[in-house]
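**Q** Chains as they are written, first to last, in our numbering: chain V, 10 to 232; chain G, 10 to 232.
Built from N, CA and C at the ideal position, the CB exists for glycine as well.
I have a structure here, written as structure tokens, and I will follow up with some questions on it.
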DNA sequence: ACACTAATTTAGGCAAGACTAAACTTTATT
DNA sequence: AATAAAGTTTAGTCTTGCCTAAATTAGTGT
Ligand SMILES: [Mn+2]
Ligand SMILES: [Mn+2]
Ligand SMILES: [Mn+2]
Ligand SMILES: [Mn+2]
């Protein structure tokens, strides 16, 4: 059962997990883009992943890939490592939040279960990483949470930032400066049609933010 | 200058460093034993390491390998990572000292300079790892320290444990139990010829230890 | 000097993971 | 339904890092 997965395989599984939300298969090109690998290479790897014992993905030519239960478990294990590491790097080692992803992406493949347990304990069993993404439980269940893009809100509206979905370090640094981080309360004051700008007030300050930003910020869902 | 070294290469350089104390070249077999790799494979790697730009080792057929200045710098960088990590795992994350080596051996190849600096700062710039080995300075100078095997002492003698040289986890666990760790003061009370046993008192307790143990314990040198 | 042994190298192979170029499907457009 | 565009797969190569078996070299004792 405990077959040693390579770093490469773990990254593939993680990417497939991320791209196959809602049961949709992850396409070859999407994976290639996500992983920065040529599409041809992805095809090769998907075939291998579908033929391991036990198979880690279900793969149909030209249709893309889905994780098998085994594959999903392996993916969640890596994601748990990743998110715990991000949290640890940020909270305990003082890494700026825009830097944690890259470091965690290397460490995630290498830490032992003992390491995982220790940082989990030191952090007090956190439920979310610094970007607001939920951390899978020790028995690998991913908490299901609903949130909607800030870009879809219309004034007047008060809400709280749940999650920030961005990889670009510069954008993350900017968001941090403006307090556009998980936990921040904000009020949507105005909406401009055509350009989709929102006027919001957050932490006492008022600001206008365009869709290139509001698209990446997820807030609590209304009832 | 900053060529990306692979994990495998880093482990070779570290092993060559360890085996080539006093300028002696590291032999193929010794490296093979240290790295758990077939001698033939070691030969192949040594040739590659001697032909990189810049060369990392100086290699002469049947004569073994020495590090070039570039190779030594790379080795010291990895050793610094390793020893800082061991210290961190032990002190900050509460890993038992017999487990830190294995974990550090994987992490050492993967942490960034930022990570290195953070844990160094959190630990207060430690000079020695949990086994008493000196940590190379940030600019990669290895402190030179003299110590002698406990097995060479003869009563009566009082000394302090400086360093423990062992990889076996069971032995390390045992030593820890008996307070045979760096920093412990001890008194050599008696020596048995033929079997080489030493009677020592440490932390109030008296005990007899054989050469299989005293060989691995290094104490401060007399003047 | 010679032969035996231990250490080392050579030769040939394999698996993982990547790439490019070319061929082929699927999907979208007209 | 025909065709163009986009997406995907096949085929062939490369590098890294390891392996085993066989050949060779160095070192030692006589
Ligand atoms: Mn990764
Ligand atoms: Mn884990
Ligand atoms: Mn290592
Ligand atoms: Mn470093």
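Among residues of its own chain, excluding the 5 on either side of residue 10(V), which ones have a beta-carbon nearer than 8 Å to its beta-carbon?
**A** Only weak support is given to the placement of residue 10(V): the predicted model assigns it a pLDDT of 48, under 50, and the question is left unresolved by the model.
**Q** Under 7 Å from any heavy atom of ligand 4, does the C-beta of residue 99(V) make it?
**A** Proximity of the beta carbon of residue 99(V) to ligand 4 is not indicated: no heavy atom of the ligand is located closer than 7 Å.
**Q** Would you verify that the beta carbon of residue 102(V) is, or is not, closer than 8 Å to some beta carbon of chain G?
**A** yes
**Q** So residue 157(V) and residue 227(V) are in contact, right, with Cβ under 8 Å, and what is the actual spacing, rounded?
**A** 6 Å
**Q** Please name the residues in the region 121-133 of chain G whose beta-carbon is closer than 8 Å to at least one beta-carbon of chain V, in chain order.
**A** The region 121-133 of chain G vs chain V, Cβ under 8 Å: 121, 123, 124, 127, 128 and 131.
**Q** Terminal residues of the continuous alpha helix (DSSP H) containing residue 42(G)?
**A** 37-44
**Q** Taking 7 Å as the line, does the beta carbon of residue 172(G) fall inside it for any heavy atom of ligand 2?
**A** no
**Q** Using DSSP's beta-bridge definition, name the partner residues of residue 157(V).
**A** 228(V)
**Q** Check whether chain G comes within 8 Å of residue 150(V), counting only Cβ atoms and requiring the distance to be less than that.
**A** Not a single CB atom of chain G sits nearer than 8 Å to the CB of residue 150(V).
**Q** Touch check for the region 11-27 of chain G and the region 38-58 of chain G: three-plus C-beta pairs under 8 Å?
**A** yes
**Q** If I follow the unbroken alpha helix (DSSP H) through residue 216(V), where does it start and stop?
**A** Looking at the DSSP string, residue 216(V) is not in any alpha helix (DSSP H); the run it does join, the beta strand (DSSP E), is 214-218.
**Q** For residue 166(G), which of helix, strand or coil comes out of DSSP?
**A** strand
**Q** Could you list the residues in the region 106-120 of chain V with a C-beta less than 9 Å from some C-beta on chain G, going in chain order?
**A** 108, 111, 112, 115, 116, 118, 119 and 120
**Q** Which residue wins for smallest C-alpha separation from residue 153(G), given the options 159(G), 141(G) and 109(G)?
**A** Residue 141(G) holds the alpha-carbon nearest to the alpha-carbon of residue 153(G) among 159(G), 141(G) and 109(G).
**Q** Please classify residue 20(G) as buried or exposed, where buried requires at least 16 neighbouring CB atoms within 10 angstroms.
**A** Answer is buried; the Cβ neighbour count reaches 16.
**Q** Evaluate residue 271(V) with the Cβ neighbour count: other Cβ atoms within 10 Å of its Cβ, from every protein chain shown; 16 or more gives buried, anything less gives exposed.
**A** Not covered by the structure: residue 271(V). The range shown for chain V is 10 to 232.
**Q** Roughly how many whole angstroms lie between the Cα atoms of residue 208(V) and residue 217(V)?
**A** The straight-line gap separating the alpha-carbon atoms of residue 208(V) and residue 217(V) is approximately 4 Å.
**Q** Just jot down, in chain order, the residues whose CB lies closer than 7 Å to any heavy atom of ligand 2.
**A** 86(V), 89(V), 90(V), 122(V) and 125(V)
**Q** Using a Cβ-Cβ cutoff of less than 7 Å, which residues in the same chain neighbour residue 117(V) once the five nearest sequence positions on both sides are dropped?
**A** Answer for residue 117(V): 87, 90, 91 and 94, listed in chain order.
**Q** Smallest Cα separation from residue 52(V): which of 62(V), 16(V), 69(V) and 64(V)?
**A** In terms of Cα proximity to residue 52(V), the closest of 62(V), 16(V), 69(V) and 64(V) is 69(V).
**Q** Which of the three DSSP states is assigned to residue 194(G) in this structure?
**A** strand
**Q** Specify, as a first and last residue, the run of the beta strand (DSSP E) that residue 66(G) falls within.
**A** 66-69
**Q** Would residue 205(G) and residue 160(G) qualify as a contact pair, given that the criterion is a beta-carbon distance under 8 Å?
**A** Against a cut-off of 8 Å, the Cβ pair of residue 160(G) and residue 205(G) comes out as a contact.
**Q** Answer yes or no: the CB of residue 114(G) versus the heavy atoms of ligand 1, is any distance below 7 Å?
**A** no
**Q** In whole angstroms, what separates the C-alpha of residue 223(V) from that of residue 165(V)?
**A** So the alpha carbons of these two residues sit roughly 16 Å apart.
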